[in-house]
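In this text, residue positions in the sequence shown follow our numbering: the first is 37, and each later residue adds one.
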Amino acid sequence: MKILLATSEATPFAKTGGLADVCGALPAELRRLGAEIIVVMPSYRQVFDAGVEIHPTDIRFDIPIGGKIVDGRLLMATLPDSSVPVYFVDQPEYYDRGELYSENGQDYEDNAERFIYFSRAVLEAIRGLNFVPDLIHCNDWQCGLIPALLKLEYRHGTGFENIASLQTIHNMAYQGSFWHWDMLLTGLDWRHFNWREMEFHGRMNLLKTGLVFADAINTVSPTYAREIRETQMGCGLEGLLQHRSDVLCGIVNGVDYGCWNPKLDTHIAQNYGLANWKEGKAVCKSSLQEQLQLPQVSDVPLVGVVGRLASQKGWDLMATVMERWAGTQEVQWAVLGTGDSKFEEWLHRLAKDHPSKISATIGFSNELAHQIEAGADMFLMPSMYEPCGLNQLYSLKYGTIPIVRVTGGLADTVVDANEQSIADGTATGFAFDDYDSYALENTLHRACRTYCDSPDIWSGIVETGMRNDWSSAATAKRYLELYGEITQRIANPAFSH
Ligand code: ADP
Numbered sequence: 037m038k039i040l041l042a043t044s045e046a047t048p049f050a051k052t053g054g055l056a057d058v059c060g061a062l063p064a065e066l067r068r069l070g071a072e073i074i075v076v077m078p079s080y081r082q083v084f085d086a087g088v089e090i091h092p093t094d095i096r097f098d099i100p101i102g103g104k105i106v107d108g109r110l111l112m113a114t115l116p117d118s119s120v121p122v123y124f125v126d127q128p129e130y131y132d133r134g135e136l137y138s139e140n141g142q143d144y145e146d147n148a149e150r151f152i153y154f155s156r157a158v159l160e161a162i163r164g165l166n167f168v169p170d171l172i173h174c175n176d177w178q179c180g181l182i183p184a185l186l187k188l189e190y191r192h193g194t195g196f197e198n199i200a201s202l203q204t205i206h207n208m209a210y211q212g213s214f215w216h217w218d219m220l221l222t223g224l225d226w227r228h229f230n231w232r233e234m235e236f237h238g239r240m241n242l243l244k245t246g247l248v249f250a251d252a253i254n255t256v257s258p259t260y261a262r263e264i265r266e267t268q269m270g271c272g273l274e275g276l277l278q279h280r281s282d283v284l285c286g287i288v289n290g291v292d293y294g295c296w297n298p299k300l301d302t303h304i305a306q307n308y309g310l311a312n313w314k315e316g317k318a319v320c321k322s323s324l325q326e327q328l329q330l331p332q333v334s335d336v337p338l339v340g341v342v343g344r345l346a347s348q349k350g351w352d353l354m355a356t357v358m359e360r361w362a363g364t365q366e367v368q369w370a371v372l373g374t375g376d377s378k379f380e381e382w383l384h385r386l387a388k389d390h391p392s393k394i395s396a397t398i399g400f401s402n403e404l405a406h407q408i409e410a411g412a413d414m415f416l417m418p419s420m421y422e423p424c425g426l427n428q429l430y431s432l433k434y435g436t437i438p439i440v441r442v443t444g445g446l447a448d449t450v451v452d453a454n455e456q457s458i459a460d461g462t463a464t465g466f467a468f469d470d471y472d473s474y475a476l477e478n479t480l481h482r483a484c485r486t487y488c489d490s491p492d493i494w495s496g497i498v499e500t501g502m503r504n505d506w507s508s509a510a511t512a513k514r515y516l517e518l519y520g521e522i523t524q525r526i527a528n529p530a531f532s533h
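Below is the structure:
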C-alpha cells in the first residue's frame, strides 16, 4: 500500500495542536506495518528549528494561483526514528512567517491562497517525485481542496486515475471558510461553487469541499463521528455528513509512547512506570511545585490543565470553579495554555490573586506540558466538545487521573469511576455529562474525596489507566484497514454502495 499523507503540521517540525502529534506519529507506525508512506507539509520557518537535518531536492514546480504563476520546490527530511520521508513545500512568501496560521489573534489574510497553493503542490509533488500513491490521506481544511482537485482535474491525467482520497476531520469547528472570490484562486470552474459542492452560506468552504469530494471520510473517535452527524457539533455540515454516513467512520488517535511515556520522558524529574509510580510521581509533583512556586506539600491534590485557551476546552466552566475553589478548597492548580486573550487575562489575574494555589503559565511549552502530565495528580478536560483529545490519553499513561466531560473521544477513552467500574476494575477516570459548572464541581469533589479518603481505590484507578494501550500502533492498524477498504472500493466500484 502506497500512501501520501498531506498535513499542515506534524511533530517535531511544526505544531499548534493534536493534529501535529497524530501526523508525526502515525506515518512511522504505518511504515512499520509495511506501508510505503511519504508525508507532505508546508516548509514553515519553524521546521528548521526542529533539530532535524533538512535537504534541498531538485524538484521544482510552477503553480497557477489566480492570475499568477507561483514557483516552489520541495525540501526533504526523514521523520525521526523512522525511515519515512517528509517533503516540505517551500515557498517563503507563503510559509516563512512567525506562526503557522495567525499572529496576535488575527488569521493571516492570505490563508486561502497559502493552502490552495499547498494543495496543488501536494499533487505536483506526486508528479515530481514519481511516487504514485494508492491513496492521499488529507487532514483538516488545509488539505480539503486536494480531493476536489484530484477528482475534477488530476484524475483525468496519466498516473492519477486510480488514486483514492481520505479526508480526516480533526475538528469540525475549523472549516477554512473564505469569501467567494477566493474560488478564483482554486482554478476550478465557478459551477462548483454551489450548495452541493464548495459553497456554504455564500462562502467558499474548504473542509466541506474535502467532505464532498473525498472517497471516504473519517474523524478521530467513534463518538465524535456520530455527534457530527446527529448534533450541532457538525457545525452546519451535519446534513452533508448524514448524507455521506456510509463512508464516514471514527478512529481514535493513537499516542506516540516514544514521546509520551513516563519511563522514557527526558523532560521530567524522575522516570517511573507501573511498578514505582507512587515514588516517581511524588518526585515529579514536588519538582513541579517548586518550579511553579506552589507550596511543596504532598497531600494536597494538584490538578493539571494543558491546552488551547479556546471556549471548546471548557475554560468558562473552569473559570467559574477555579474562582469558587480558590478561596475555599485545599487544591492546587497547574495551568498551561495559550490562545484567547480573554482567558489569558483571567488566568493572569487568578494566579496573581491566589499565588499559593494557582499557577498559570501563558505560552506554549512542550517541556512544561510533560512536567504537568507527570507531576499532577489529576488532569482536567471539561471540553464542550472534543474530537479525540490527546491529553487525557497522556494522563492515563502518566498515572494522572483524567477528569473529563463525556463527549467525543473523551467518552470513548475514559471510564468513569462509579461503584460498578471500581468493583470490576475498569475505572480510569472521573466523568460528567452536563456542560455545567456544578456538574464539573461535583465531579472534582468526587475525585478529590477519592484521592484524600480512599487511596487504595485511587491507586487502582491509576494503575488501570497506566495499563491502557492507546498506542499509535493500534491506530495505524485501523487506518491501514481503512485505506485497504477504500482502495478496493475504488478499484471495484460495482461492489460499493
Ligand atoms: P487540540 O488538538 O484540540 O488542541 P489535543 O488534546 O488533541 O487538543 O492536543 C493538544 C496537544 O497540544 C497536546 O499534545 C498538548 O500537550 C499540546 N498543547 C496544547 N497547548 C499547549 C501549550 N500551551 N503548551 C504545550 N503543549 C500544548
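Ideal Cβ positions, reconstructed from N, Cα and C, are used throughout, including at glycine.
Nearest-angstrom Cβ-Cβ length linking residue i and residue j, presumed shorter than 8 Å
i, j, result
"L276", "K317", "Wrong, their Cβ atoms sit about 46 Å apart, outside the cutoff."
"G444", "G425", "7 Å"
"N230", "T204", "That pair is no contact at about 25 Å."
"Q407", "L324", "5 Å"
"R67", "V122", "Between V122 and R67 the Cβ distance is about 12 Å, and since that is not below 8 Å, they are no contact."
"L383", "V367", "Not confirmed; about 16 Å, so no contact."
"G272", "F236", "7 Å"
"G54", "N289", "7 Å"
Rounded straight-line distance, which links the Cα of residue j to that of residue i
i, j, result
"D452", "Y153", "45 Å"
"L110", "N402", "28 Å"
"V256", "H390", "37 Å"
"A161", "I172", "12 Å"
"A355", "L41", "38 Å"
"R441", "A396", "22 Å"
"S532", "S201", "Any reading at S532 must be qualified, since the residue scores a pLDDT of 49, below 50, and its modelled position is unreliable; the value itself is stated next. The alpha-carbon atoms of S532 and S201 are separated by roughly 15 Å."
"C484", "G309", "23 Å"
"F97", "I526", "29 Å"
"F124", "W506", "29 Å"
"Q332", "P128", "48 Å"
"D448", "M417", "14 Å"
"G180", "C285", "17 Å"
"G223", "R239", "16 Å"
"M219", "W226", "7 Å"
"F167", "M112", "14 Å"
"L345", "L188", "39 Å"
"G164", "D94", "9 Å"
"L247", "Y474", "37 Å"
"V158", "S419", "34 Å"
"G343", "S495", "26 Å"
"R360", "L353", "11 Å"
Residue i CB to nearest heavy atom of ligand 1 below 7 Å
i, result
"T374", "yes"
"A396", "no"
"C424", "yes"
"V291", "no"
"L55", "yes"
"G343", "yes"
"S257", "no"
"S401", "yes"
"A405", "yes"
"N207", "yes"
"N427", "yes"
Residues bridged to residue i [DSSP beta-bridge criterion]
i, result
"P100", "I105"
"H91", "M112"
"H237", "Answer by DSSP bridge pairing: none, since H237 is not bridged."
"Q368", "L338"
"A15", "For residue 15 there is no data in the structure shown, the boundaries of the chain being 37 and 533."
"A396", "V371"
"V450", "The partner list for V450 (beta bridge, DSSP) is empty, contrary to what the question assumes."
"G286", "T255"
"R467", "This sequence places Ala at residue 467; Arg is not what is there. A467 pairs with V440."
"R344", "T374"
"P78", "V125"
"V291", "S507"
"L383", "BP columns for L383 are empty, so no partner."
"Q142", "E139"
"C174", "A42 and Q203"
"F214", "M240"
"M414", "V339 and I437"
Distance cut-off 7 Å: residue i Cβ against heavy atoms of ligand 3
i, result
"C285", "Ligands displayed in this structure: ligand 1; ligand 3 is not among them."
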